[in-house]
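Here is the structure we will look at, set down as structure tokens.
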Amino acid sequence: MLLVGTRKGAFIYRSDAARKKWRVEGPHFLGNVVNHLVLDPRDGRTLLLAAKTGHLGPTVFRSLDGGRNWTEAKQPPAFRKAKDGEEGRSVQSVFWLSPANASEPDAWYAGTAPAGMFRSKDGGATWEEVAGFNDGLYPNIMDKVGEVPDGSLLHSILVDPRDARHLYIGISTGGSFESNDRGETWHALNKSVEATFLPEKNPEYGHDPHLMALHPLKPDRVYQQNHCGIYRLDRPAVEWQRIGLNMPKEVGDIGFPVVLHPRDPDCIWVFPMDGTEVWPRTSPEGKPAAYRTRDGGKSWQRQDRGLPSEQAWWTVKRQAFCADACEPVGLHFGTTSGEIWSSTDAGENWSQIAAHLPHIYSVTAAPDS
Amino acid sequence: MRVVLPSPLFSYTGGQQELDGAGESVAQLLDFLESRYPGMRHRIIDEQDRIRRHIRFFVNGDGVAHLDHRLQTDDEVIIVAALSGG
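Chains as they are written, first to last, in this note's numbering: chain A, 1 to 369; chain B, 1001 to 1086.
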């Protein structure tokens, strides 16, 4: 099953066992901007959906029956009311949803724009601020670039499967950070990550991670697709390696998504985009392709069989590329032009399974219930 | 008090556009609406009690920018999902 969030609503695609035939359910919430739609892997049935409309403020909806019925959060993510003389912040959109550790059923994290972190203990019905981020880390890191025009984004809330208190997050723009106490305190984790858009060389923070991913089978392995390249970090080391330097020079290593192989921590996929000069944010030269490494980033292979060979000027947003858990692993991505492409052989061959959708923001794979 | 709602809020009222409201201020009217239609207030008023960017309030035809604006029982309050251009 693919859970698809778009600029104009959500769609659920269900396939046959071979992943060849797909049927669509939806649109759900037609006209809503749906940034993220996620199934809770802990119960296999709860769906959370982050939505807003052009006019109305942001909220979260929850379904307990695979998307047939939805209930709005009683208390959506919202910053605390400002004290007198203080400029209060307002959540403009809920951008990211992450289930918490398996030991904490019904606990979720949400990341917002402008960057804010929220936690729910009741399956998404009510949300509370993570004060250690909203009042602690956030105001202390905005000195580098200030708040960006469309609002900074808190994304990639990664929860260590071994320890519910151990979190990583990415802030665009702000950098990568780690907490060992469930978000009460944070420290920067950006060493050797480039930030060519900042005047300062080797800043402690202020970087622009586009997406981070932690491998559940090797939780000390973290990958990052950054505004300035593709990186890998093997804890307890704190220095990132720019594995994107091994990508073909003419393609570069700029993009949004990074996708993990579910069973091989050395295998990931990225989807490069044009990050030159004015940042077209299209496929390089209009020729889209995924790139795969099977050796942790030492070498990369282009995978474009079945994709348009020219004049395809779309790209893939950070939440819009995913792997399923099947064998062989399936890959699925949604484009900024409203197409969904799928591979049932780990990216060797691609076929289009949907077109004419709105701009796609997120695609997540989940077992069908 | 006659209250007219914009279509983006119909999911809260079951499609009802007009209703009888109550309250001595816009803030109290919003409390009244929230008690009847849970969740509605947050969609049009942010957590700092600011009217959201694309929402407008008109009382007897005049634009109102603050929630402490006083209301009378025979007022007409129109909530508009303002045009965003284009």
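Every residue, glycine too, gets a C-beta built ideally from N, C-alpha and C.
Endpoints, the beta strand (DSSP E) within which residue i is located
i         : result
A/VAL145  : Unbroken run through A/VAL145: none, as it is neither H nor E.
A/GLU276  : Note on identity: in this sequence residue 276 of chain A is Thr, with Glu being the wrong assignment. Premise fails: A/THR276 is in no beta strand (DSSP E) and is neither H nor E.
A/MET117  : 116-120
B/MET1040 : Unbroken run through B/MET1040 is the alpha helix (DSSP H), 1040-1044; no beta strand (DSSP E).
A/TYR223  : 218-226
A/TRP22   : 22-28
A/PHE95   : 93-99
A/LEU39   : 33-39
A/TRP186  : Taken as a continuous stretch (DSSP letters only), A/TRP186 belongs to no beta strand (DSSP E), as it is neither H nor E.
A/HIS166  : Run containing A/HIS166: none; DSSP gives neither H nor E here.
B/PHE1058 : 1055-1059
A/MET212  : 209-215
A/GLY5    : 2-6
A/PHE48   : Per the sequence presented here, residue 48 of chain A reads as Leu, with Phe not at that position. 47-52 is the span of the beta strand (DSSP E), which, as asked, contains A/LEU48.
A/VAL130  : Unbroken run through A/VAL130: none, as it is neither H nor E.
A/HIS332  : 331-334
B/ALA1081 : 1076-1081
A/SER176  : 175-179
B/ASP1020 : 1018-1020
A/HIS155  : 153-159
B/ASP1062 : 1062-1064
A/ASP234  : 229-234
A/GLY85   : Element bounds for A/GLY85: n/a, residue is neither H nor E.
A/PHE321  : 321-323
A/PRO288  : Unbroken run through A/PRO288: none, as it is neither H nor E.
A/LEU260  : 255-260
A/PHE61   : 59-63
A/ALA10   : 9-15
Enclosing alpha helix (DSSP H) for residue i [first to last residue]
i         : result
B/ARG1036 : 1026-1036
B/SER1011 : 1010-1013
Contact under 8 angstroms by Cβ, residue i with residue j
i         : j         : result
A/VAL94   : A/ALA50   : yes
A/GLY338  : A/LEU357  : yes
A/TYR109  : A/ALA115  : no
A/GLY175  : A/HIS227  : no
A/GLY170  : A/MET212  : yes
A/GLY244  : A/ASP234  : no
A/THR315  : A/THR282  : yes
B/LEU1071 : B/VAL1080 : no
A/VAL24   : A/ALA354  : yes
B/VAL1077 : B/LEU1029 : yes
A/ALA164  : A/SER98   : no
B/GLY1021 : B/LEU1033 : yes
A/THR6    : A/ILE360  : yes
Per-residue burial, residue i [other beta carbons within 10 Å of its own, 16 or more giving buried]
i         : result
A/LYS317  : buried
B/VAL1083 : The sequence shown places Leu at residue 1083 of chain B, rather than the Val named in the question. Its Cβ having fewer than 16 others within 10 Å, B/LEU1083 is exposed.
A/HIS166  : buried
A/GLY85   : exposed
A/LYS249  : exposed
A/PRO257  : buried
A/GLN319  : buried
A/SER192  : exposed
A/THR112  : buried
A/PRO209  : buried
A/GLN301  : exposed
B/PHE1057 : buried
B/PRO1038 : exposed
B/THR1073 : exposed
A/PRO41   : exposed
A/VAL278  : exposed
A/GLU310  : exposed
A/ALA332  : The sequence given here has His at residue 332 of chain A, not Ala. Looking at its Cβ environment, which holds 16 or more other Cβ atoms inside 10 Å, A/HIS332 is buried.
B/HIS1066 : exposed
The ligand FAD heavy atom lying under 7 angstroms from the CB of residue i
i         : result
B/ALA1081 : Ligands in the displayed structure: none, and consequently the ligand FAD is not present.
Minimum Cβ-Cβ distance from residue i to chain E less than 8 angstroms
i       : result
A/GLY88 : Although the question refers to chain E, the structure presented lacks it and instead comprises the protein chains A and B.
> Quick one, which residues of the stretch 32-55 of chain A are near chain B if we go by CB-CB under 8 angstroms, in chain order?
Replying inline: THR53, GLY54 and HIS55
>> For the stretch 320-347 of chain A, list every residue whose C-beta sits within 8 angstroms of some C-beta in chain B, in sequence order.
In response: none
> Using 8 angstroms as the threshold, is the stretch 6-17 of chain A in touch with the stretch 77-91 of chain A, meaning 3 or more CB pairs across them?
Replying inline: no
>> Whether or not the stretch 184-202 of chain A and the stretch 263-275 of chain A are in contact is what I'm after, with contact meaning three or more pairs of Cβ atoms, one per stretch, closer than 8 angstroms; do they touch?
In response: no
>> Against chain B, which members of the stretch 127-154 of chain A pass a CB distance test of less than 8 angstroms?
In response: Residues of the stretch 127-154 of chain A with a C-beta atom less than 8 angstroms from some C-beta of chain B do not occur.
> Quick one, which residues of the stretch 284-295 of chain A are near chain B if we go by CB-CB under 9 angstroms, in chain order?
Replying inline: none
>> Does the stretch 1042-1055 of chain B come into contact with the stretch 333-345 of chain A, if we say contact requires no fewer than three beta-carbon pairs (one atom in each stretch) closer than 8 angstroms?
In response: No: fewer than three Cβ pairs fall under 8 angstroms.
>> Taking beta-carbon pairs under 8 angstroms, can you tell me which members of the stretch 1062-1082 of chain B lie near chain A?
In response: ALA1081 and ALA1082
>> Three Cβ pairs or more, each shorter than 8 angstroms: is that satisfied between the stretch 288-308 of chain A and the stretch 347-354 of chain A?
In response: yes
> What are the residues of the stretch 61-82 of chain A that lie near chain B, defined by any Cβ-Cβ distance shorter than 9 angstroms?
Replying inline: GLU72, ALA73, LYS74, GLN75, PRO76, ALA78, PHE79, ARG80, LYS81 and ALA82
> Going along the stretch 170-199 of chain A in order, which residues come within less than 7 angstroms of chain B, judged by CB to CB distance?
Replying inline: none
> Given a limit of 8 angstroms on CB to CB distance, which residues of the stretch 1021-1040 of chain B reach chain A?
Replying inline: Cβ contacts with chain A come from PRO1038 and GLY1039.
> Is it a yes or a no for the stretch 120-135 of chain A touching the stretch 54-65 of chain A, going by three-plus beta-carbon pairs under 8 angstroms?
Replying inline: yes
>> Tell me which residues of the stretch 301-320 of chain A have at least one Cβ-Cβ distance to chain B shorter than 9 angstroms, keeping chain order.
In response: none
> With contact counted as at least three CB pairs below 8 angstroms, one residue from each stretch, are the stretch 1017-1031 of chain B and the stretch 37-49 of chain A in contact?
Replying inline: Under the Cβ criterion (8 angstroms, minimum of three pairs), the stretch 1017-1031 of chain B does not count as touching the stretch 37-49 of chain A.
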